[in-house]
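Let me begin by presenting the structure, written as structure tokens, before commenting on it.
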Amino acid sequence: MKIQGKMFMWLSLFLLVVAIVYGVWSKEPAGTTALFLAFGLSIMVGFYLGFTARRVDVGAQDNKEADVADDAGEVGFFSPHSWQPLGLGLGAAVGFLAIAVGWWLMYFALPLILLSILGWVLEYYHGENRTQ
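Below, the structure is given as structure tokens:
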């Protein structure tokens, strides 16, 4: 994670230079503000990755002599049988449709979104998958 932190720090330096040059040259406040906000976000991510890199083990991406296979292994646990992302996607689709068609559709989208998120969070706390 050390190399990612350095990449974001270099990106933030680039964004700072671009924001200053763009602000002086164009005198346009919206784009200048957006570039300074991108600089701030890049600094935050770079600082977090650099700070976290000191607390975790060295990864294969930080070793110059590492092979691709050195970083192989388990990425995480992904539920293979969950129907909750489908409900969340449908709720999000209806929610975005509400922005285009009419805000009254949010009355249908919000309960679907909230129930899907609740079901996804509590999926392994009840039922046959409780012990996984």
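All the letters of the sequence shown, read from the start, carry residue numbers 1 to 132 under full-length UniProt numbering.
We treat Cβ as the ideally placed atom computed from N, Cα and C, and that holds for glycine.
The structure displayed is predicted, hence computed values, not measured ones.
Check, Outcome
"How about Asp71 and Gly87: are their beta carbons less than 8 Å apart?", "no"
"So Gln61 packs on Glu123, CB below 8 Å; how close in whole Å?", "Not confirmed; about 32 Å, so no contact."
"What is the DSSP secondary structure of Phe39, counted as helix, strand or coil?", "helix"
"Since Ser82 and Gly46 are thought to touch, with beta carbons under 8 Å apart, how far apart are those beta carbons, to the nearest angstrom?", "Between Gly46 and Ser82 the Cβ distance is about 34 Å, and since that is not below 8 Å, they are no contact."
"Thinking residue 209 and Ala19 are a contact (beta carbons under 8 Å), I'd like their distance in whole angstroms, please.", "With the chain covering 1 to 132 only, the question about residue 209 has no answer from this structure."
"Which residues in the same chain have their Cβ closer than 7 Å to the Cβ of Val94, if we skip the five residues on either side of it in sequence?", "Leu105, Phe108, Ala109, Leu112"
"Excluding the 5 residues preceding and the 5 following Ile43 in the sequence, name in chain order all residues of the same chain whose CB lies nearer than 7 Å to its CB.", "Ser12"
"When we look at the beta-carbon of Phe14 and count the other beta-carbons within 10 Å, is it buried (16 or more) or exposed?", "exposed"
"Can you list, in chain order, the residues of its chain whose CB lies under 7 Å from that of Ala38, leaving out five sequence neighbours each side?", "Leu15"
"Can you list, in chain order, the stretches of the alpha helix (DSSP H) that have 4 or more residues and sit fully within the stretch 27-114?", "29-53, 84-100"
"Helix, strand or coil: which one does DSSP assign to Leu122?", "coil"
"If I'm right that Tyr22 touches Thr33 with Cβ under 8 Å, what's the distance once you round it to whole angstroms?", "No, Tyr22 and Thr33 are not in contact; Cβ-Cβ is about 10 Å, not under 8 Å."
"One question on the structure: do Gly50 and Lys2 come within less than 8 Å of each other, judged by their Cβ atoms?", "yes"
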